[in-house]
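Under the numbering used here, the letters of the sequence shown match residues 2 to 256, in that order.
We put the beta carbon where it would ideally sit given N, CA and C, even for glycine.
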Amino acid sequence: MIKKTHSTMPNKKKKLICVINKRLIYVFVTSLFITSCSKEDQAISPRLNTSNESVINYFKEIALGFEFGDASKITRRWEGNMKIFIGGHPKTELLTETNRIVDEINELSSTEFKIEIVDDTLQSNFYIYFGSGSSYANIFPSLSSLVISNFGLFYIFWDNSNVLFKGYMYIDINRATLIEQKHLLREELTQSLGLAKDSELYPESIFQSSFSTKTTDYAPIDRDLIRLLYHPKMKVGLNQNEVDNLLRDILLAEQ
Numbered sequence: 002m003i004k005k006t007h008s009t010m011p012n013k014k015k016k017l018i019c020v021i022n023k024r025l026i027y028v029f030v031t032s033l034f035i036t037s038c039s040k041e042d043q044a045i046s047p048r049l050n051t052s053n054e055s056v057i058n059y060f061k062e063i064a065l066g067f068e069f070g071d072a073s074k075i076t077r078r079w080e081g082n083m084k085i086f087i088g089g090h091p092k093t094e095l096l097t098e099t100n101r102i103v104d105e106i107n108e109l110s111s112t113e114f115k116i117e118i119v120d121d122t123l124q125s126n127f128y129i130y131f132g133s134g135s136s137y138a139n140i141f142p143s144l145s146s147l148v149i150s151n152f153g154l155f156y157i158f159w160d161n162s163n164v165l166f167k168g169y170m171y172i173d174i175n176r177a178t179l180i181e182q183k184h185l186l187r188e189e190l191t192q193s194l195g196l197a198k199d200s201e202l203y204p205e206s207i208f209q210s211s212f213s214t215k216t217t218d219y220a221p222i223d224r225d226l227i228r229l230l231y232h233p234k235m236k237v238g239l240n241q242n243e244v245d246n247l248l249r250d251i252l253l254a255e256q
């Protein structure tokens, strides 16, 4: 009996070792497979191209907050239509330019938001004044100090949900040249959409902070900012991190 027990134990041990070795091999192979899949997933995960990365960075620089004041740095935009009433003493060229800008913005918006020009001030929620700074200050006395050094200004209002619903702006037709008036008209109206800040980054951009740039057309990146702010998936009240994630989703789907 003792010999029998002694003779059977080595066989059992060998069998046990064999099973363990098989398990170790199986675990090792499985680990390699998982690691390989993980590396493949990383390799094929979509990434934004350089151009779209630039669009996101510029959007965050322009669309969050304002140049002045302590308003929170979040997204804001119009949900209802902007209805413009034009006052003051606009030249024919400026009326034509206003219509051109409105058409371009409406074309870039893929939400229900549209801009329209109305003849009745009671139907309007946005006022454009073409005239002198002093005349504009008579209408809006609180802006008296600002018109002294600014040939163009905009002022917008938003509700508790951060939706824009009212505003007004002016273009000085006495101190600014016609080209400057057209530039300011496009800049101030576009900023009134919720793209309210300036930047030194792109000389050709309508948001260029230097007044030495007097572009009267949108740069391609300007068009991207407008269409993204008025994209169906865009939301108001987003901070920098939230809007970054959302823009990546939108732009990745378009690549």
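{"Query": "Go through its chain and collect everything with a Cβ distance to residue 250's Cβ below 8 angstroms, but skip five positions before and after it.", "Result": "234"}
{"Query": "Take every Cβ of the region 99-118, pair it with every Cβ of the region 147-158, and state whether three or more of those distances are shorter than 8 angstroms.", "Result": "no"}
{"Query": "With a threshold of 6 angstroms on Cβ separation, who are the neighbours of residue 228 within its own chain once the five nearest residues in sequence on each side are excluded?", "Result": "109"}
{"Query": "Since residue 111 and residue 231 are thought to touch, with beta carbons under 8 angstroms apart, how far apart are those beta carbons, to the nearest angstrom?", "Result": "7 angstroms"}
{"Query": "If you draw a straight line from the alpha carbon of residue 123 to that of residue 256, how long is it in whole angstroms?", "Result": "44 angstroms"}
{"Query": "Whole angstroms is fine: what's the gap from residue 223's alpha carbon to residue 207's?", "Result": "7 angstroms"}
{"Query": "Which residue marks the beginning of the alpha helix (DSSP H) containing residue 134, and which one marks its end?", "Result": "134-140"}
{"Query": "Just reading off the beta strand (DSSP E) that residue 85 is part of, what are its end residues?", "Result": "83-89"}
{"Query": "Taking C-beta to C-beta, are residue 114 and residue 197 nearer than 9 angstroms?", "Result": "no"}
{"Query": "Secondary structure at residue 196, three-state DSSP: helix, strand or coil?", "Result": "coil"}
{"Query": "With C-beta atoms as the reference, is residue 119 less than 9 angstroms away from residue 84?", "Result": "yes"}
{"Query": "Taking the beta strand (DSSP E) that residue 173 belongs to, which residues open and close that run?", "Result": "164-173"}
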